[in-house]
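With the first letter of the sequence shown counted as 1, position 203 gets the number 203 in the UniProt record's numbering; the numbers rise by one all the way through.
We put the beta carbon where it would ideally sit given N, CA and C, even for glycine.
Source: prediction; values computed, not measured.
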Amino acid sequence: MSSLRRLQHVDRKDLYTSLEARIQYLHSFLNFNSDDIRALTLGAKYLRPLLPSIVDLTYKKLLQYDITAAAFATRSTSHSSDLPIDKTPSESSPQIQYRKLFLRGYLQKLCSDPSKMEFWAYLDKVGMIHTGRGKREPLNVEFVHIGATLGFLQDVLVEAVLTHPRLKMERKIAVVRALGKVLWIQNDLFAKWYVRDGEEFAAQRRKPRDEREGFVNGKCVVDLDSPNFSGGEESFSPSDIGSPMEEAGCPFSNMMGQMEKMQVEKTDIPVDHPKIG
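1) Which residues bound the alpha helix (DSSP H) around residue 52?
2) In chain order, what residues of the same chain have a beta carbon less than 7 Å from the beta carbon of residue 13, not counting five sequence neighbours either side?
3) Select from 95, 11, 16 the residue whose C-alpha is nearest the C-alpha of residue 199.
4) Is it true that the region 41-61 meets the region 154-172, where meeting means three or more beta-carbon pairs spaced less than 8 Å apart?
5) Going by beta carbon distance, what residues of the same chain come within less than 6 Å of residue 104, once the five residues before and after it are set aside?
6) Just verifying my parser: in three-state terms, what is the DSSP assignment at residue 149?
7) Evaluate residue 278 with the Cβ neighbour count: other Cβ atoms within 10 Å of its Cβ, from every protein chain shown; 16 or more gives buried, anything less gives exposed.
8) First and last residue of the alpha helix (DSSP H) that includes residue 126?
9) Using the C-alpha atoms, what's the distance from residue 124 back to residue 11?
10) Identify the continuous alpha helix (DSSP H) that holds residue 8 and give its terminal residues.
11) Do residue 96 and residue 65 have their CB atoms nearer than 8 Å?
12) Straight-line CA distance for residue 197 to residue 191?
13) Identify the residues that DSSP records as bridge partners of residue 215: which are they?
14) Checking 8 Å against the spacing of the C-beta atoms, do residue 174 and residue 39 come in under that value?
15) Taking a contact to mean a Cβ-Cβ separation below 8 Å, would you say residue 63 touches residue 92 in this structure?
16) Please classify residue 131: is it buried, with 16 or more other beta-carbons within 10 angstroms of its beta-carbon, or exposed?
17) Can you tell me where the alpha helix (DSSP H) holding residue 132 begins and where it ends?
18) I'd like to know if the region 142-153 and the region 178-190 are in contact, where contact means that at least 3 CB-CB pairs between them fall below 8 Å.
19) How should residue 108 be labelled, buried or exposed, when 16 other C-beta atoms within 10 angstroms of its C-beta is the threshold for buried?
20) Using CA coordinates, which residue listed in 179, 187, 7 is at the minimum distance from residue 148?
21) Taking the CB atoms as reference points, tell me whether residue 73 and residue 141 lie closer together than 8 Å.
22) Consult DSSP for residue 140 and reduce its assignment to one of helix, strand or coil.
23) Look at the alpha carbon of residue 48 and the alpha carbon of residue 106, and state the distance between them as a whole number of angstroms.
24) Give me the Cα-Cα distance between residue 88 and residue 68, rounded to the nearest whole angstrom.
25) Excluding the five sequence neighbours on either side, which residues of its own chain have a C-beta within less than 7 Å of the C-beta of residue 117, listed in chain order?
26) What residue range is occupied by the uninterrupted alpha helix (DSSP H) comprising residue 46?
27) At what residues does the alpha helix (DSSP H) containing residue 176 begin and finish?
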């Protein structure tokens with residue numbers, strides 16, 4: 001007689017009303033465990049010095065397209081009503097300089113301790129504020145651009161890890177796997193605010209709070225004034241360092257050059273919409 005397969009029970013209502021339950025389920029499904037936490041802790045010290053370059057690359061990409069650049073030409077991208085808003089934003093625009101600070105803060109948070117629920121609560125809030133909830137001056141970003149930006153960030157982060165001259169290959173693999181899991185959980189924490197799954201439980205969800213960026217439930221979780229915010233010198237363990245040692249350089253130099261040469265033109269692409277019925 002064959003033994004019955006044991007199923008783990010997941011309460012559907014909890015997935016839509018309890019962030020802790022949702023995170024626990026995602027951790028279990030993706031096998032996110034202590035090995036991933038150790039890999040992220042290791043990878044963080046190598047990634048922090050690269051964060052300014054990653055931020056610059058991301059905003060170069062976002063400002064290449066009129067549809068994504070338009071999101072930065074609104075008052076909701078300003079931290080103050082006194083901040084001038086450039087209607088045709090460039091990398092030097094005040095609101096772009098301000099948004100770069102918060103992308104660096106976000107990436108800095110990704111390099112922090114994922115064993116704490118505070119880490120995941122912050123990622124959930126990042127998803128929430130992009131739908132216009134919990135803000136006096138709402139910012140609404142359509143999900144297609146969110147997914148594209150996350151995909152771009154993952155590509156840049158993976159390249160940064162795989163081309164880093166001071167990491168052994170087995171370490172690189174561990175960091176890339178762990179980063180992938182975190183970014184896919186972040187993708188879900190965006191999607192939960194966009195999709196209508198679980199709408200029958202909407203009345204039982206916690207109401208969003210109007211808080212400053214970088215705060216979760218009244219607590220500052222991304223401190224832009226922290227001495228660690230801008231990265232800096234890190235100590236490296238001999239067990240992490242690959243061999244042979246290569247001369248360290250910017251891992252994004254080729255990508256930067258390609259993006260500088262790109263010419264963005266307005267094109268009208270015909271789309272055949274499927275007929276329904």
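Checking against the coordinates, here is how it stands:
1) It spans 51-62 - the alpha helix (DSSP H) in which residue 52 sits, taken as one unbroken run.
2) 201
3) It is 16 whose Cα lies nearest to the Cα of residue 199.
4) yes
5) 51, 55
6) helix
7) With the chain represented from 1 up to 277, any question about residue 278 goes unanswered, as that position is not in the structure.
8) 117-129
9) 20 Å
10) Run containing residue 8: none; DSSP gives neither H nor E here.
11) no
12) 10 Å
13) Per DSSP, 220.
14) yes
15) no
16) In summary, residue 131 is buried, with 16 or more beta-carbon neighbours lying within 10 Å of its beta-carbon over all protein chains present.
17) Looking at the DSSP string, residue 132 is not in any alpha helix (DSSP H), and its letter there is neither H nor E.
18) yes
19) buried
20) 187
21) no
22) strand
23) Their Cα atoms are separated by approximately 12 Å.
24) 12 Å
25) 20
26) In the DSSP annotation of this structure, the continuous segment of the alpha helix (DSSP H) that includes residue 46 starts and ends at 34-47.
27) Taken as a continuous stretch (DSSP letters only), the alpha helix (DSSP H) holding residue 176 covers 169-194.
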